[in-house]
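A.B. asks: Below is one structure. I have some questions about it.
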Amino acid sequence: MRILLIEDDPLLTQIIVNNLTSQHYAVDVAEDGVMGFEYAESATYDLIVMDVNLPRLDGIRLCQKLRQNRYTGSILLLTARGNSSDKVMGLDAGADDYVVKPCSVEELSARIRALLRRQSGSGNPVLEWGDLQLDPVTCQVSFQGQPLTLSPKEYGLLELFLRHPERIFSSSIILEHLWGFEEAPGEETVRSHIKRLRRKLKSVGIDDIIDTIYGMGYRLKSCELSQKTPDASPSPEALEEEARAAAIAIWEQFKPTILERLKALDQAVVALQSGVLPSQLHQAAIEAAHKLAGSLAMFGFPEGSRLGREIEDWLSQSQNNPQQQRDHAQLRSWVAALHQTLEQTPQAEERRIPVSTVPSSQNQERSFLVLVVDDDLGLIEQLKQEGVARGIQVEAATDPQQAREQIEQQVPNLVLLDLALPHTAQQGLAFLEELAMYSPNLPVIVFSMHDQMSDRRAVIQRGNYQFISKTAPLDQVWSMIQETLHLTPLVEIRVLAVDDDPLILSSLQQMLPRWGIQLLTLNQPQNLWKTLESITPDLVILDLQMPEINGLELCRIVRSDPIWSSLPILFLTSCREPEIVTEIYSAGADDYVAKPFTEPEIVTRIFNRLERNRLLRNLAENDYLTGLANRHRSTQELNRYLNLCQRNHRPFCLALLDLDHFKQMNDQYGHEIGDRILQRVAGILRQQFRDADVVARWGGEEFLIGMYGITKNKARERLQMTLDLLSQESFTAIAPESLHLTFSAGIVEASSDRLELQALYRAADAALYQAKAAGRNQIVIG
Amino acid sequence: MNTRCILVIDDEADIREITRMSLKLTKRWEVLQAASGQEGISIAETKQPDAILLDLMMPHMDGITTFKSLKANPATCHIPVLLLTATIRAATRQQYLEAGITEVLVKPFDPGSLGNQIADSLAWS
Chain A
5 MRILLIEDDP LLTQIIVNNL TSQHYAVDVA EDGVMGFEYA ESATYDLIVM
55 DVNLPRLDGI RLCQKLRQNR YTGSILLLTA RGNSSDKVMG LDAGADDYVV
105 KPCSVEELSA RIRALLRRQS GSGNPVLEWG DLQLDPVTCQ VSFQGQPLTL
155 SPKEYGLLEL FLRHPERIFS SSIILEHLWG FEEAPGEETV RSHIKRLRRK
205 LKSVGIDDII DTIYGMGYRL KSCELSQKTP DASPSPEALE EEARAAAIAI
255 WEQFKPTILE RLKALDQAVV ALQSGVLPSQ LHQAAIEAAH KLAGSLAMFG
305 FPEGSRLGRE IEDWLSQSQN NPQQQRDHAQ LRSWVAALHQ TLEQTPQAEE
355 RRIPVSTVPS SQNQERSFLV LVVDDDLGLI EQLKQEGVAR GIQVEAATDP
405 QQAREQIEQQ VPNLVLLDLA LPHTAQQGLA FLEELAMYSP NLPVIVFSMH
455 DQMSDRRAVI QRGNYQFISK TAPLDQVWSM IQETLHLTPL VEIRVLAVDD
505 DPLILSSLQQ MLPRWGIQLL TLNQPQNLWK TLESITPDLV ILDLQMPEIN
555 GLELCRIVRS DPIWSSLPIL FLTSCREPEI VTEIYSAGAD DYVAKPFTEP
605 EIVTRIFNRL ERNRLLRNLA ENDYLTGLAN RHRSTQELNR YLNLCQRNHR
655 PFCLALLDLD HFKQMNDQYG HEIGDRILQR VAGILRQQFR DADVVARWGG
705 EEFLIGMYGI TKNKARERLQ MTLDLLSQES FTAIAPESLH LTFSAGIVEA
755 SSDRLELQAL YRAADAALYQ AKAAGRNQIV IG
Chain B
213 MNTRCILVID DEADIREITR MSLKLTKRWE VLQAASGQEG ISIAETKQPD
263 AILLDLMMPH MDGITTFKSL KANPATCHIP VLLLTATIRA ATRQQYLEAG
313 ITEVLVKPFD PGSLGNQIAD SLAWS
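So the sequence lines, in the order shown, correspond to chains A and B. Position one of the first sequence corresponds to residue 5 (this note's numbering), numbered consecutively onward. Position one of the second sequence corresponds to residue 213 (this note's numbering), numbered consecutively onward.
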């Protein structure tokens, strides 16, 4: 494995290189973006680790450039604390993951391992539990050498448990892992799948391996035999020990350099005492503090990093502020504390990183089977080869009959179908109808040809399918496959706990990670504000009584800022007096847990809170039910188009659609069928509008469409076509009886006096209201 | 009205021919053809077409590189460029538009309406 490190801080570089070479990776180092790019062009790397802030060419642009130049290896970004836009931009630019500096050597190498494991199918270890084996590469499960046939969902469940032997999975988390947003069944489905899996395993003699933990979820039963880690890499504990020893050795090596950096701070303090801090020295001190903050934690001095950060902030704020410069007692004490800290030996990592759970977004190495029905052998070969690298198994059938046999053997996760098979499209269409009968829903992507414009309609009427042009580059085919399979990384939940009692923090640290919750702790409440901004947690746990600022005050402060007004806040308190509880709620808290608390209690409260805030879902970009863009993402895209339409003087139309009498459908057939109808409608919208249009589910049965480069009359034509198509649909594959649906819509076109999204939306909404008032099933231009 | 002149840059001869026929029949526009980015640039320099229809995926010199060269060249930088591509997502289209591409047209296109699409994009009456 060959790694390229692009980093301009020689110290950091040295630490990382030492660590990586000790793990037998080959490492090259480049000091700036341009050099990094040249390196990457001239050699093949499995992974590139790069800083975001690089001289000559920054990490984001470098990422883009590398991806444009078809670099296909992994990219890991090192970002500065708190810069969440960097992360987003970085991932958008093509990075695979990021690590926030300062980070521990353990975390960094865990992420690197995970990325490398993800890209190489061969590094994918066989998972074992006693004599039970699951091979993620071939997707085969066997017990004592005998193959076992599992349905894809049963397989997925088993894999999930085997991959996370320690972790407890609640039904809702299992749903998040194994079911795409489009299907999203209820929790009872999980129960029945677990039941079926248990029964199958039992039938071959494996006694129940999945424990039910009452009221909480499921967990893999421990198995002595499974203790021997199948992964060739050492156990997390051994790895940590190794890393710690390495950290001490590295520290000895770099102590002089660090002390040199400290000198710049000493000089600044002396200068302040004498009354004048020259700006050059001031700047040098800021830089030194910044570097110390960024690196000390890696040497095993998290406190040093923290002090460095305080010092950096103080120095930055005191620039051109003589008043603050005169009052430098605080700075002096920090620098003194820093000296003291560095006199000690590097401490063991306070925040133990559970290696098995941290890179959770990389742990979802689910295996998928894609069946290609096509007679283009060249294409099949290409898909098969690339599939291996992407962790997707590709099987092929050259005609519908062969495909039927294949599906009987193993139901694929997705079918890629070419309608232009030798024996006319009619046969293909009949086969599509057959595929629609599969339950659960079998996603199908249809290859379309130039001359098949008319066929599209025929295909759309047969179910929820996606199209891709046969001439589209393979990359696009893959991205559609991956999108359909929801191969997007799972959302990790971040919880920030503020408590001055390290015992509470460490017990939370033990409990939460196995639920997929990343816990960040803060024992200094006064730093809450800065921490909030830098880590943007999904939920905050506050202790009621803390020195200096109590939890109630903190809670009020947080609530007073509109940005954090909806952040879930959970209180920990040993008080149970009603008046205190009332006070907690009136300060803006969402819930409280009494100390001492149990694991199920706190975990349940956290999940309930998150669920209620729908954070789990809003964090993703797509609507959980229909897979269309959600409000958040579409708002961004709409605004971008609005800017373009202003700049390029092109038309832009916004349409708001609302299904007519949809509530009756829900009442009559139940929400499950109602949801599937919504999914089908979303499918029709997706087909009728171009990928380049913004198609979003705005909420309930309301959809929003943004069309750039199209005038309102043209937009109306398109919507009318969609309405015609929808009214012909009878939903027989979904509902117990044939039913018919229409929508009402309002369209507005942006104009010089109406360029704000809000104004457009209001106008479209008013037009929609008119359409409804005029008897529904129509489109009104506003 | 003057006859408009469109330069089609596409490595596939079939697509060039369909485009030419369609624009000729529906709009009576003059259509110039180039089979590669390089050829397209030199034709654009000398013939000064009113607009360029450029295929995204071409061997040797892809559409974006061609577009950049056209924009960097003082003799061709004023000519509006429309990009032709198989599929396009909103975010990518926005990137292209922000980079100065006049419009992104999606293949397979309907020969009957291609001319109108181009005219709409360029605000030609």
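Ideal placement from N, C-alpha and C gives every residue a C-beta, glycine not left out. Quick caveat, the model's predicted, so the values are computed rather than measured.
If you reduce the DSSP assignment to three classes, tell me which class B:Phe279 lands in.
C.D. replies: Here residue 279 of chain B refers to the residue found at position 67 of the second sequence. The answer is helix: DSSP assigns B:Phe279 an H, G or I state.
A.B. asks: By Cβ distance, which residues of its chain are closer than 7 Å to B:Ala211, with the 5 residues on each side in sequence left out?
C.D. replies: This structure cannot speak to residue 211 of chain B, because chain B is shown only from 213 to 337.
A.B. asks: Out of A:Gln724, A:Asn643, A:Asn73, which one is the CA nearest neighbour of A:Arg758?
C.D. replies: Taking the first sequence and counting its residues from 1, the one referred to as residue 758 of chain A is at position 754. The shortest Cα separation from A:Arg758 among A:Gln724, A:Asn643, A:Asn73 belongs to A:Asn643.
A.B. asks: Using the Cα positions of B:Glu224 and B:Ala247, report the straight-line distance between them to the nearest angstrom.
C.D. replies: In the second sequence, counting from the first residue as 1, residue 224 of chain B sits at position 12. In the second sequence, counting from the first residue as 1, residue 247 of chain B sits at position 35. C-alpha separation (whole angstroms): 7 Å.
A.B. asks: Please name the residue, chosen from A:Met711, A:Tyr773, A:Glu741, A:Val38, that lies closest to A:Leu761 on a Cα-to-Cα basis.
C.D. replies: Position 757 of the first sequence, counted from the first residue, corresponds to residue 761 of chain A. Comparing Cα positions, the closest option is A:Met711.
A.B. asks: Just checking: is the beta-carbon of A:Val450 within a distance shorter than 8 Å of some beta-carbon in chain B?
C.D. replies: As a position in the first sequence, residue 450 of chain A is number 446, starting the count at 1. A:Val450 does not count as touching chain B.
A.B. asks: Report the start-end ranges of each alpha helix (DSSP H) in the region 639-688 of chain A that is 4 residues or longer and not cut off at the edges.
C.D. replies: Counting whole runs of 4 or more residues, the region 639-688 of chain A contains the alpha helix (DSSP H) stretches 666-673.
A.B. asks: Since A:Arg580 and A:Ala593 should fall inside the 8 Å C-beta cutoff, what is the C-beta to C-beta distance between them, to a whole number of angstroms?
C.D. replies: For the purposes of this step, residue 580 of chain A is identified with residue 576 of the first sequence, where counting begins at 1. For the purposes of this step, residue 593 of chain A is identified with residue 589 of the first sequence, where counting begins at 1. That belief does not hold up - the Cβ atoms of A:Arg580 and A:Ala593 are roughly 15 Å apart, past 8 Å.
A.B. asks: Does DSSP classify B:Asn328 as helix, strand or coil?
C.D. replies: Taking the first residue of the second sequence as position 1, residue 328 of chain B is located at position 116. Looking at B:Asn328 - three-state DSSP - the assignment turns out to be helix.
A.B. asks: Using DSSP bridges, identify the partner residues of A:Trp133.
C.D. replies: Here residue 133 of chain A is taken as the residue at index 129 of the first sequence, counted from 1. BP columns for A:Trp133 point to A:Leu136.
A.B. asks: Look at A:Arg750 and A:Ala686 and say whether their C-beta atoms are less than 8 Å apart.
C.D. replies: Walking along the first sequence from the start, residue 750 of chain A turns up at place 746. Walking along the first sequence from the start, residue 686 of chain A turns up at place 682. Arg is not the amino acid found at residue 750 of chain A; the sequence shown has Gly there. No, they are not a contact pair.
A.B. asks: Run the CB neighbour count on A:Met725, radius 10 Å, all protein chains shown included, and call it buried at 16 or more, exposed below.
C.D. replies: For the purposes of this step, residue 725 of chain A is taken as the residue at position 721 of the first sequence. Answer is exposed; the Cβ neighbour count stays below 16.
A.B. asks: At 4 residues or longer, what runs of the alpha helix (DSSP H) sit wholly inside the region 31-119 of chain A?
C.D. replies: Whole alpha helix (DSSP H) segments, 4+ residues: 37-46, 63-72, 88-96.
A.B. asks: Under 8 Å Cβ-Cβ, which residues of chain B neighbour A:Pro477?
C.D. replies: The residue you call residue 477 of chain A lines up with position 473 of the first sequence. In chain order: Met269, Ala298.
A.B. asks: Pair every Cβ in the region 297-315 of chain B with every Cβ in the region 470-484 of chain A, then say whether three or more of these pairs are closer than 8 Å.
C.D. replies: Touching, per the Cβ criterion.
A.B. asks: Using the beta-carbon count (16 or more within 10 Å), is A:Tyr589 buried or exposed?
C.D. replies: Position 585 of the first sequence, counted from the start, is the residue given in the question as residue 589 of chain A. Exposed.
A.B. asks: On the premise that B:Leu266 lies in contact with B:Val243, defined as a C-beta separation below 8 Å, what is that separation, rounded to the nearest angstrom?
C.D. replies: For the purposes of this step, residue 243 of chain B is taken as the residue at position 31 of the second sequence. For the purposes of this step, residue 266 of chain B is taken as the residue at position 54 of the second sequence. Contact doesn't hold; Cβ gap of about 14 Å is too wide.
A.B. asks: Helix, strand or coil: which one does DSSP assign to A:Trp318?
C.D. replies: For this step, residue 318 of chain A is matched to residue 314 along the first sequence. Three-state DSSP puts A:Trp318 in a helix.
A.B. asks: Can the beta-carbon of B:Arg216 be found closer than 8 Å to that of B:Asp262?
C.D. replies: The residue given as residue 216 of chain B occupies position 4 in the second sequence. The residue given as residue 262 of chain B occupies position 50 in the second sequence. The answer is yes: Cβ separation under 8 Å.
A.B. asks: Compute the distance between the beta-carbons of A:Glu587 and A:Leu558, then report whether it is under 8 Å.
C.D. replies: Against the first sequence, residue 587 of chain A aligns to sequence position 583. Against the first sequence, residue 558 of chain A aligns to sequence position 554. Cβ distance not < 8 Å, so A:Glu587 and A:Leu558 don't count as in contact.
A.B. asks: Quick check on DSSP: helix, strand or coil for A:Ile411?
C.D. replies: In the first sequence, residue 411 of chain A corresponds to position 407, counting from 1. Reduced to three states, the DSSP call for A:Ile411 is helix.
A.B. asks: Going straight from the alpha carbon of A:Glu409 to that of A:Gly395, what length do you get?
C.D. replies: Along the first sequence, read from residue 1 onward, the residue named residue 409 of chain A stands at position 405. Along the first sequence, read from residue 1 onward, the residue named residue 395 of chain A stands at position 391. Computed Cα separation, rounded: 23 Å.
A.B. asks: Name, in chain order, the residues that DSSP records as bridge partners for A:Asp547.
C.D. replies: Translated into the one-based positions of the first sequence, residue 547 of chain A becomes position 543. Partner(s): A:Leu576.
A.B. asks: Which parts of the region 680-747 of chain A are runs of the beta strand (DSSP E), unbroken and 3 residues or longer, counting only runs that do not cross its ends?
C.D. replies: For the region 680-747 of chain A, whole beta strand (DSSP E) runs of length 3 or above, ordered along the chain, are 698-703, 706-712.
A.B. asks: Between the C-alpha atoms of A:Ser511 and A:Asp212, what's the straight-line distance to the nearest angstrom?
C.D. replies: In the first sequence, counting from the first residue as 1, residue 511 of chain A sits at position 507. In the first sequence, counting from the first residue as 1, residue 212 of chain A sits at position 208. The alpha-carbon atoms of A:Ser511 and A:Asp212 are separated by roughly 30 Å.
A.B. asks: So which residues of chain D does A:Glu721 contact, with C-beta pairs closer than 7 Å?
C.D. replies: Note that chain D does not occur in the displayed structure, where the protein chains are A and B.
A.B. asks: Count the other CB atoms, across all protein chains shown, that sit within 10 Å of the CB of A:Lys199; report buried if there are 16 or more and exposed otherwise.
C.D. replies: For this step, residue 199 of chain A is matched to residue 195 along the first sequence. With fewer than 16 Cβ atoms within 10 Å of its Cβ, A:Lys199 is classed as exposed.
A.B. asks: Closest to A:Asp662 by CA distance: which of A:Val784, A:Val607, A:Gln148 is it?
C.D. replies: As a working mapping, residue 662 of chain A is identified with position 658 in the first sequence. Considering only alpha carbons, the answer is A:Val784.
A.B. asks: Cβ atoms of A:Ser108 and A:Ala301: under 8 Å apart, would you say?
C.D. replies: Counted from its first residue, the first sequence places residue 301 of chain A at position 297. Counted from its first residue, the first sequence places residue 108 of chain A at position 104. Yes, these two residues count as a Cβ contact at 8 Å.
A.B. asks: Quick one: grab the DSSP three-state call for A:Asn626.
C.D. replies: Start at 1 with the first residue of the first sequence, and residue 626 of chain A comes out as number 622. Strand.
A.B. asks: Which of the three DSSP states, helix, strand or coil, is assigned to B:Asp274?
C.D. replies: Indexing the second sequence from 1 puts residue 274 of chain B at position 62. B:Asp274: coil per DSSP, three-state reduction.
A.B. asks: According to DSSP, which residues form a beta bridge with B:Gln245?
C.D. replies: Sequence index remark: in the second sequence, residue 245 of chain B carries index 33 (1-based). DSSP lists B:Val220 as partners of B:Gln245.
A.B. asks: Given a cut-off of 8 Å, decide if A:Gln732 and A:Phe471 are closer than it, judged by their beta-carbon atoms.
C.D. replies: The residue labelled residue 471 of chain A in the question sits at position 467 within the first sequence. The residue labelled residue 732 of chain A in the question sits at position 728 within the first sequence. No, these two residues do not count as a Cβ contact at 8 Å.
A.B. asks: Answer yes or no: do A:Gly63 and A:Gly37 have a C-beta to C-beta separation smaller than 8 Å?
C.D. replies: Here the question's residue 63 of chain A lines up with position 59 in the first sequence. Here the question's residue 37 of chain A lines up with position 33 in the first sequence. Result yes, Cβ atoms of A:Gly63 and A:Gly37 sit closer than 8 Å.
A.B. asks: What do you get for A:Asp503, buried or exposed, if any count of 16 or more other CB atoms within 10 angstroms of its CB means buried?
C.D. replies: Taking the first residue of the first sequence as 1, we reach residue 503 of chain A at position 499. So A:Asp503 counts as buried.
A.B. asks: Flag A:Asn367 as yes if its beta-carbon sits less than 8 Å from any beta-carbon of chain B, otherwise no.
C.D. replies: Numbered from its first residue, the first sequence carries residue 367 of chain A at position 363. In this predicted model, A:Asn367 has a pLDDT of only 34, less than 50, meaning its place in the structure is not dependable; the value taken from the coordinates is given anyway. No - not a single Cβ of chain B is within 8 Å of the one on A:Asn367.
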